[in-house]
Amino acid sequence: MPVLERLRSDHAPALLAFERENRAFFAASVPDRGDAYFDGFDARHRALLDEQESGGIAFHVLVAEDGEILGRFNLVDLDGGSAELGYRLAEKATGRGLATRWVRELCRLAREEYGLSRLTAETTLGNGPSRAVLARVGFGAVGSVTLPGGPGGQPGLSGEPGIAYELDLGGSFGREWSGSPS
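Under our numbering, residues 42 to 223 are what the sequence shown spells out, in order.
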């Protein structure tokens, strides 16, 4: 059974392998990260760990029993009780409910470990699987967005239409995890 682990420095080789092995799969639903991401992976990984240490982000990886990384589940821009959720799952791990299960787990961690009360997420209009996961977990669509790109955003997303989502981590979501009726 895979486990969700907070991102560490020793995850770097498996994480890079995950990104490389799934590059074409990811590019079919979200714009490609670009060669610069892979060329500068080690420095970027160290910078993300430094930022995580300062509390601005919380990155997690889904690790199989053999150490292979099957997914990434991230909280970014942790500020004022909210954060943005992002995730991606290896092609070979799709279709088994893993994304839904581990997004739910990250939502629980967001509330219980990080003290967050609200999560947001964005996805492209064409990313039906991500939209379905967000809906199953309880995120509600709150409007249309134009996804950012270029410096500070994902290259290739500039101007692409998407949907913004929100999840209140109190409300029925909080009761669901405590075992109380919704």
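Don't be surprised by glycine CBs; every beta carbon is placed ideally from N, CA and C.
Nothing here was measured: the structure is a model prediction, and the numbers come from that model.
- If you draw a straight line from the Cα of glycine 75 to the Cα of leucine 57, it is about 13 Å long.
- For secondary structure counted as the beta strand (DSSP E) over 3 or more consecutive residues, the stretch 86-172 holds these complete runs in sequence order: 98-104, 110-120, 123-130 and 159-165.
- Per DSSP, alanine 205 lies in no alpha helix (DSSP H) segment; the continuous beta strand (DSSP E) that holds it begins and ends at 201-209.
- Glycine 179 is not bridged by DSSP to any residue.
- Arginine 47 sits in a strand when the DSSP states are folded into three classes.
- When the five nearest sequence neighbours on each side are left out, the beta carbons in the same chain lying within less than 7 Å of the beta carbon of glutamine 93 are those of Leu48, Ala99 and Phe100, in order along the chain.
- Counting of Cβ neighbours within 10 angstroms places alanine 140 among the buried residues, the total reaching 16 or more.
- In this structure alanine 55 is in contact with glutamate 109, their Cβ atoms being roughly 6 Å apart against a cut-off of 8 Å.
- Closest option to alanine 53, judged by alpha-carbon separation, among Leu166, Val117 and Ala84: Ala84.
- With a contact defined as Cβ atoms closer than 8 Å, threonine 161 and serine 185 miss out at about 14 Å.
- The DSSP-derived three-state label of valine 174 is helix.
- Beta-carbon to beta-carbon, leucine 103 and leucine 90 are separated by about 18 Å, too far to satisfy the 8 Å threshold.
- For arginine 74, there is no enclosing alpha helix (DSSP H), since its DSSP letter is neither H nor E.
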